[in-house]
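**Q** Whatever position you read off the sequence shown (first residue = 1), add 5 for our numbering. Cβ coordinates follow ideal geometry from the N, Cα and C atoms, glycine included. Handing you this structure, nothing more for now.
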Amino acid sequence: MTSPRPAGPADSSPNRFAARAVDLGAVKEAADARDRAKEEAVSGAPVALAAPVTAESFEQDLVVRSTQVPVIVQLGSSRAPGSDEMSHAFASSALGQTEPASWVFRYVDVDTVPEIAQAFGVQSVPTVLALAAGRPLTSFEGVQPPEQTDRFISAVLQATAGKLPGLPSTGEPAGEEQSPADPRFTKAAEALDREDYVGAVALYDAVIDDVGAPAEAVSEAKAARATAVLLGRSADGSADDIDRMLLEGRRREAFDVLIDRMRTSAGDEKDAARTRLLGLFSLYDPADPEVIDARTRMASALF
6 MTSPRPAGPA DSSPNRFAAR AVDLGAVKEA ADARDRAKEE AVSGAPVALA APVTAESFEQ
66 DLVVRSTQVP VIVQLGSSRA PGSDEMSHAF ASSALGQTEP ASWVFRYVDV DTVPEIAQAF
126 GVQSVPTVLA LAAGRPLTSF EGVQPPEQTD RFISAVLQAT AGKLPGLPST GEPAGEEQSP
186 ADPRFTKAAE ALDREDYVGA VALYDAVIDD VGAPAEAVSE AKAARATAVL LGRSADGSAD
246 DIDRMLLEGR RREAFDVLID RMRTSAGDEK DAARTRLLGL FSLYDPADPE VIDARTRMAS
306 ALF
C-alpha cells in the first residue's frame, strides 16, 4: 500500500465526509442533499455508473449520489501496485449491471485531489469505502482480487436493500409526484444550531416513528439522531470515553473496547458492558454492517 500525498496548505478539504469524525455540517446539509437529488431526478440526466471524482464533483458524486444508491469509492494512485487493476475491476462490475443499476463506482486519484483523501482520513492507498445516505458504511484497505470485491459489493447491497430510493430514471418528467422535503429535518437542524439536542432528538424520533415516512428519510433520521444524542451527552457533561470515541467517528473502536471488557470481566462489570453495547446499538441502523459485526462478536463474548 502507498501513503497518499499531503494536500498543500491552501487546500480546502470537503470535510463533511471525514470517515473517522462526526461532521455536524453533514447533519445539517442532509436535507439539502436530498432536495438536490430530487432536482436531478426531474432533469432526467443520465447517471454515470463509474466515474472519477474531482473537488468540484465531490458533493454531487458522493453526497447527493449516496442518498439515491450505495456509492463505492476507491481512493487510489497509480503509484500503488494493484490499485489501477482493482479500480478497473470495480468499474467493470458497475458498468456490467442490468437496469436499473443498484450502485455506482467512483474513483478518487489521491495524487490529483489529495484533499479528498484527507477528508476521508485515509492513511494508505488503495482504500475502498462504501457510502449510503450520506454516511460511510464500511471500508477496507489494500488490494483485493475481483472475487473479494464482488463479495464486498454484495454485502453492501444486502445491508442497504430497501433503504434508498434508487437512481433517477433517464427522461423522468418534472414530478408533480415528487415528495416535498420533510420540514422536520429543517427544524431539527435549527434545534442543533441552538444546541437544543433534546428537541432535535424528538424531531428525529417523530420521523422514525412515522409509518408513512420514506425508508431513506427514516435511515437519515436514525443516523442524525445518534449524533444528536451524543452531542447532548457531551454538552451536559455526561459523555464518557466511549461517547467521545463515537463523536470522533471511532465507532468500531468503541465497540471493540466494550466487547473486550465483556471478554475479560465477569458479573456486574460484564453485564454493564453488555448493557452499554446494547444501548449503542439502539442508536444506529440495525442493518449497518459494523453493528451486525459487533453484535456477532458480542454474542461470542457472552460465553
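1) CB Arg230 to CB Val203, shorter than 7 Å?
2) Whole angstroms is fine: what's the gap from Met303's alpha carbon to Lys227's?
3) Pull up the distance between the alpha-carbon of Ala244 and that of Ala299, whole angstroms please.
4) Alpha helix (DSSP H) containing Glu274: first to last residue?
5) Below 8 Å, how does it come out for the segment 255-264 and the segment 276-290: are there three or more Cβ pairs, yes or no?
6) With 16 other CB atoms within 10 Å as the buried threshold, where does Val47 fall?
7) Is DSSP giving Ser62 helix, strand or coil here?
8) Check whether the Cβ of Pro151 lies closer than 7 Å to any Cβ atom in chain D.
9) Specify, as a first and last residue, the run of the beta strand (DSSP E) that Arg257 falls within.
10) Would you be able to state if there are at least three C-beta pairs under 8 Å between the segment 74-90 and the segment 130-141?
11) Only counting the same chain, and skipping five residues up and downstream in sequence, which positions put a Cβ closer than 6 Å to that of Leu236?
12) Skipping 5 residues on each side, what residues in its chain have a beta carbon closer than 8 Å to that of Asp89?
13) In three-state DSSP terms, what is Arg140?
14) Please look up how many angstroms separate the CB atoms of Pro170 and Pro219, rounded, as I've assumed it's under 8 Å.
15) Counting C-beta neighbours from all protein chains within 10 Å, is the total for Glu181 16 or more, i.e. buried, or is it exposed?
16) Within 10 Å of its beta-carbon, does Arg199 have 16 or more other beta-carbons around it, so buried, or fewer, so exposed?
17) Which residue wins for smallest C-alpha separation from Pro124, given the options Phe286, Ala166, Tyr289 and Val68?
**A** The structure says:
1) no
2) Going from the Cα of Met303 to the Cα of Lys227 covers about 22 Å.
3) 21 Å
4) Gly272 to Phe286
5) These segments touch.
6) With a pLDDT of 45 at Val47, under the threshold of 50, the predicted position of this residue should be treated as unreliable, though the coordinate-derived value follows. With fewer than 16 Cβ atoms within 10 Å of its Cβ, Val47 is classed as exposed.
7) In the displayed model, Ser62 falls within coil according to three-state DSSP, outside both helix and strand.
8) Among the protein chains of the structure shown there is no chain D, as only one such chain exists.
9) No beta strand (DSSP E) contains Arg257, which is instead part of the alpha helix (DSSP H) from Arg256 to Thr269.
10) yes
11) Tyr202
12) For Asp89, where only same-chain residues beyond five positions count, the Cβ hits under 8 Å are Gly81 and Ser83.
13) Residue state for Arg140 is assigned as strand, using DSSP reduced to three classes.
14) 7 Å
15) With a pLDDT of 38 at Glu181, under the threshold of 50, the modelled position of that residue is not reliable, and the figure given next carries that caveat. Result: exposed.
16) exposed
17) Position check: residue 124 holds Ala in this sequence, whereas Pro was assumed. If we check each option's Cα against that of Ala124, Val68 comes out closest.
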